[in-house]
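J.: Using this note's numbering, you'd call the opening residue of the sequence shown number 10 and step up by one each time.
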Amino acid sequence: MKGQKEPVLTIRDLSVSFTMYDRGLNRREFEMVHQLSLTVNAGEIVAVAGSSGSGKSLLAHAVLGILPGNARVTGTMEFCGQRLDEASLKKLRGQEISFIPQSVKYLDPLMKVGRQVIGPCSRREKKERQEKMKQVFARYQLEESVANLYPYQLSGGMARRVLISGAVMNSAKLIVADEPTPGLQESLARETLHNFRELAEEGCGVLLITHDIDLALQMADRIAVFYDGRVLEPAPAADFLNTNWKEEVELCKSFTKSRPFGQRISVSDIGRMPLGY
Ligand SMILES: Nc1ncnc2c1ncn2[C@@H]1O[C@H](COP(=O)(O)OP(=O)(O)OP(=O)(O)O)[C@@H](O)[C@H]1O
Ligand SMILES: [Mg+2]
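#1: Considering Cα atoms alone, identify which of N35, K182 and A156 is closest to C213.
#2: I'd like to confirm something about K143: is its beta-carbon nearer than 7 angstroms to some heavy atom of ligand 1, or not?
#3: Figure out for me which residue from Q91, V177 and H220 has the closest Cα to the Cα of A209.
#4: Does the beta carbon of K65 fall short of 7 angstroms from some heavy atom of ligand 2?
#5: Within 10 angstroms of its Cβ, does L73 collect 16 or more other Cβ (buried), or is it exposed?
#6: Apart from the five residues just before and just after R206, which ones in its own chain have a Cβ nearer than 8 angstroms to its Cβ?
#7: Exposed or buried, what is R21 when buried is set at 16 or more other beta-carbons lying within 10 Å of its beta-carbon?
#8: Which residue or residues does DSSP assign as beta-bridge partners of L45?
#9: Taking only three categories from DSSP, how would you classify T190?
#10: Terminal residues of the continuous alpha helix (DSSP H) containing L116?
#11: Can the beta-carbon of T167 be found closer than 8 angstroms to that of A156?
#12: Between N79 and the rest of its own chain, which residues show a CB-CB distance below 8 angstroms, the 5 nearest in sequence each way excluded?
#13: For the candidate residues F235, A225, R239 and Y236, whose alpha-carbon lies nearest to that of A247?
#14: Could you tell me whether the region 91 to 103 touches the region 40 to 50, using the rule of 3 or more Cβ pairs below 8 angstroms?
#15: Look up L163 in the DSSP assignment and say whether it is helix, strand or coil.
#16: By the three-class DSSP mapping on this structure, what secondary structure does L226 have?
#17: At a cut-off of 7 angstroms, would you count N35 as near ligand 1, judging by its Cβ distance to the nearest heavy atom?
#18: Using the rule of at least 16 other Cβ atoms within 10 Å of the residue's Cβ for burial, across every protein chain shown, is N35 buried or exposed?
In structure tokens form, the structure reads like this:
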């Protein structure tokens, strides 16, 4: 494995809050992600697994710098040792950092999908990227003619495969995949995950966001269980296989709930918890 173990993404104490109107004109700040720390190394797939509404997409959007204007982000994020801020993200997004969004609404409705997958490039690069798109489309069982369609002409599963195709076109160092497989038939879901493993073997770091802990267990090198905007200490997938994780994740939820914000626990701590926690 090339480039293994160098951190590609380092998140420290990330909090995301929104200013919203509570009652009438009372403005209040609601914190959705609380002091989250996480590292993704080159050559590994780190899964963030958590229930709906736990803040997984907010984490992805914070990394990509695409949170809405009423979001307040604190903490630090680094990409290959370089501080991530608005200016650096502008250069990295879609190049060294690829994103597979959860929603297909991220496709531009007014642009043919081929142009979106190829992305902005010089005339000289265009031929090479068209060729690459053909290969990627074939891998995801998309006809070449799909490139000439507009997003509204795609089925949900096709749109999802187009989003995945766009993300694997570049030799990105980091892929942030927010629920990449729902809606895909099983063979294509497996192919997608196999593709992530190949990219990791080439040195890419993959942050795989999923509500499906079984999928995370099959695919990831390390798993961080996300609950209510907080993260359980990331642990090797094998640690979950060695334990009755379903019960323990339930235990962990109540345990995490009872802890002050920002305090993390490890999978091995769960085993040491007193019964009835
Ligand atoms: N723009 C926003 N303004 C206010 N609250 C928001 C905003 N976006 C998300 N939230 C809230 O933040 C919380 C986490 O949302 P998020 O989309 O990250 O959940 P998720 O874990 O990705 O869920 P799912 O598995 O359903 O995709 C939710 O309670 C949601 O309502
Ligand atoms: Mg989500």
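Glycine included, every Cβ here is placed at the ideal spot set by N, Cα and C.
T.: In short, the structure shows the following:
#1: K182
#2: no
#3: V177
#4: yes
#5: buried
#6: I54 and M228
#7: exposed
#8: L23
#9: coil
#10: Looking at the DSSP string, L116 is not in any alpha helix (DSSP H), and its letter there is neither H nor E.
#11: Checking the displayed sequence, the identity of residue 167 turns out to be Met instead of Thr. No.
#12: F27, T28 and M29
#13: A225
#14: no
#15: coil
#16: helix
#17: no
#18: exposed
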